[in-house]
Structure formats: C-alpha cells, structure tokens
Amino acid sequence: MPQLGKYAPEVLSAYAVCIAVLVVLVAASWWRARQSAARLERVEKETGRG
Amino acid sequence: MSIWEYANPKKFMGWTRPVLPWLWALAVACIVTALVWGFFFTPDDYKQGSTVKIIYIHVPSAMIAINAWFMMLITSLVWIVRRHHVSVLAAKAAAPVGAAMTVIALFTGAVWGEPMWGTWWAWDPRLTSFLVLFLFYLGYMALWAAIEDADTAADLTSVLCLVGSVFAVLSRYAAIFWNQGLHQGSSVFRAGRPDSVAEVFYLPLMLSIAGFILLFLALVLMRTRTEIRLRRASALEARMRSA
C-alpha cells in the first residue's frame, strides 16, 4: 500500500466510488442483456419466428 | 459494401457478437493495469501530494462523459436524417454510461478540489456546465422512459440531444472560453510544454484513458444489442396481440 499521507481519505474515496459505480454499471448492463435475451427467446418461441 | 449496412440490426448483432469479448478483455486489462500502475507505482506530486493519483480516474471519466454526449449527438443526427433505428438505440444505450461517467467525474473532482482549492464545489464555468450536462443526461433518460411510442421517443430525445450538445461543448471548452474559475485548462495533450503532465504520470494516464474508451465501447455495444432485442421482442408481442 502506498503512503498516501494526509490525503488518504480523498484518494481512497475517489477510487472506491469510481470502482463501485463502474461495477454497478457493468453488472446492471449485463443483467439487462440477459433479461432481454431470455425475453426475446421466449417471444420467438411463442410466435414461431426464431 | 456501404457502411450503413453495418447498422442493419441483424448485421449489427452478427458483427458485435465476436467483437465484444475482445473489447471486454482489452478494457479490463488496460484499466486494471493503469490503475494499479498509477496507484501503487507512481510518486506523489510535489505540489498536490498523493491527490495526483485521482487523475487516473478523473480525467478519463470526464473525457468519456463529454464525448459520450458527442457520440449521442452524431447517432441522433443519423436517426433524424436517415431514420436508422440502430443509431438512435445506440444513443439510448450510451446515455446511462455517460451519466455514470459524469457522476464519477463530478465526485472525483470534488474530492480532489477540496484539498487543492479549499472547497468541494464552486460555480466555476467548467464545473457548472458539467453539472448541467449531468442534468441533461437525466432528462434524456427520463424522456425515453416517459414516452411509450418508440419512434416518437427517438424523435424527441434526438432534439433534446441537439440542445444538450451546447453544454457538452461548454464542458469541453469552458476553461478556454472563460479565463476565470478554479478549474485549470487542459494539460494532458500538451507534450513537451512546461504546463503539460510529467511523463511519470502521463503514461499510466494514457493507458487509463484507452481503457475507459474501450470500456465505453464495450458497454455501448452490449447495451445496444439489448435495446435491439427488446425492440424486436416488443414488435413480435404487438404482432401476436393484433393477430
């Protein structure tokens, strides 16, 4: 761990928020992609247009 | 073959499928390498101390926040002029990514600004135009969610995107337009000049910028594929109901 000195809270919180926002964004996008693929597959089966 | 054929939904789904895993892998590799390099293996700045490490996340996220809106502007114009559905769905897909990047840039800017400027926030031209850009992102997403008819939503959000571009331009160039305020001018792409970023910070910063660009592309392509699937599912459901 590098010596961040008196600015440790600022630097660590900046990295923590950045990583948290990116993880939530990627996870939400991935989850929505899976949901949409499942919905389309179901509808295509129902309509016979796969 | 015309470039517009790549915007055909079926072709778009076809060519993005093999490209996406490579984009994800490259994005993660670049970002992880850049952040580990910048956080653990670069020295403190003689004036800013360890807060200089925030540059590796603040600058790339701010660049993407502004340029995502320009990408949305171009794809919205393509929709208005040529009525390509994939282009407007790409704009819709990019908006949450741009908004998230704006949040990161605003937060990291505030926590960097407090020890350096003595304040979390100032109504500085660049900061203010950036906040307004964030509000435009929220408005753009709210408009998509509020209108049921997809083509009407596409038309109205495209117009909103044109209007919001003023603030994207202001966010990018405010430090040049107004020689006042706390935010400094650009110091990244000024190699060799005395006010440019030192090389020890420059290389991991460039890698981080490359990683954020790749991440943006990966997210937008994945989210556009999602929007295309949802649109097709809605069309098939509507056809089923009317049959």
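Quick note, the sequences are listed as chains V and R, same order. Going left to right, the first sequence walks through residues 1 to 50 as this note's numbering numbers them. Going left to right, the second sequence walks through residues 1001 to 1243 as this note's numbering numbers them. Where a beta carbon is used, it is the ideal one built from N, C-alpha and C, also for glycine.
Using a beta-carbon distance below 8 Å, is residue i in contact with chain A?
i, result
"THR1224 of chain R", "Note that chain A does not occur in the displayed structure, where the protein chains are V and R."
Between the options, which lies nearest to residue i when the distance is taken from Cα to Cα?
i, options, result
"ALA33 of chain V", "R:MET1240, R:GLU1227, R:GLU1237", "R:GLU1227"
"TRP1112 of chain R", "R:VAL1059, R:ALA1238, R:ALA1007", "R:VAL1059"
"ILE1055 of chain R", "R:PHE1201, R:SER1158, R:LEU1230, R:ALA1153", "R:PHE1201"
"GLN1184 of chain R", "R:ARG1017, R:ALA1235, R:LEU1127, R:PHE1012", "R:LEU1127"
"PRO2 of chain V", "R:ILE1031, R:PHE1040, R:ARG1017, R:ALA1007", "R:PHE1040"
"LYS1047 of chain R", "R:LEU1162, R:ALA1198, R:ALA1007, R:THR1108", "R:ALA1198"
"PHE1212 of chain R", "R:THR1157, R:ASP1045, R:GLY1014, R:VAL1028", "R:VAL1028"
Using three-state DSSP, classify residue i as helix, strand or coil.
i, result
"GLY1181 of chain R", "coil"
"GLY48 of chain V", "coil"
"GLY1118 of chain R", "coil"
"ASP1045 of chain R", "strand"
"ASP1155 of chain R", "helix"
"MET1 of chain V", "coil"
"SER1196 of chain R", "coil"
"SER1002 of chain R", "coil"
Measuring only between beta-carbons, confirm whether residue i sits less than 8 Å from chain R.
i, result
"GLY48 of chain V", "no"
"ALA37 of chain V", "yes"
"ALA16 of chain V", "no"
"ALA27 of chain V", "no"
"VAL23 of chain V", "no"
Residue i CB to nearest chain V CB: under 8 Å?
i, result
"PRO1125 of chain R", "no"
"VAL1097 of chain R", "yes"
"ARG1241 of chain R", "no"
"GLU1114 of chain R", "yes"
"GLU1237 of chain R", "yes"
Within the chosen definition, does the region 1076-1085 of chain R reach the region 1059-1066 of chain R through at least 3 CB pairs nearer than 8 Å?
no
Between the region 1217-1229 of chain R and the region 1032-1048 of chain R, do at least 3 Cβ pairs fall closer than 8 Å?
no
Kindly confirm or deny that the region 1104-1115 of chain R and the region 2-15 of chain V touch, where touching means at least three C-beta pairs closer than 8 Å.
yes
Would you be able to state if there are at least three C-beta pairs under 8 Å between the region 1135-1142 of chain R and the region 1086-1103 of chain R?
yes
Taking only runs that begin and end inside the region 1059-1122 of chain R, name each unbroken alpha helix (DSSP H) of 4 or more residues, in chain order.
1085-1117
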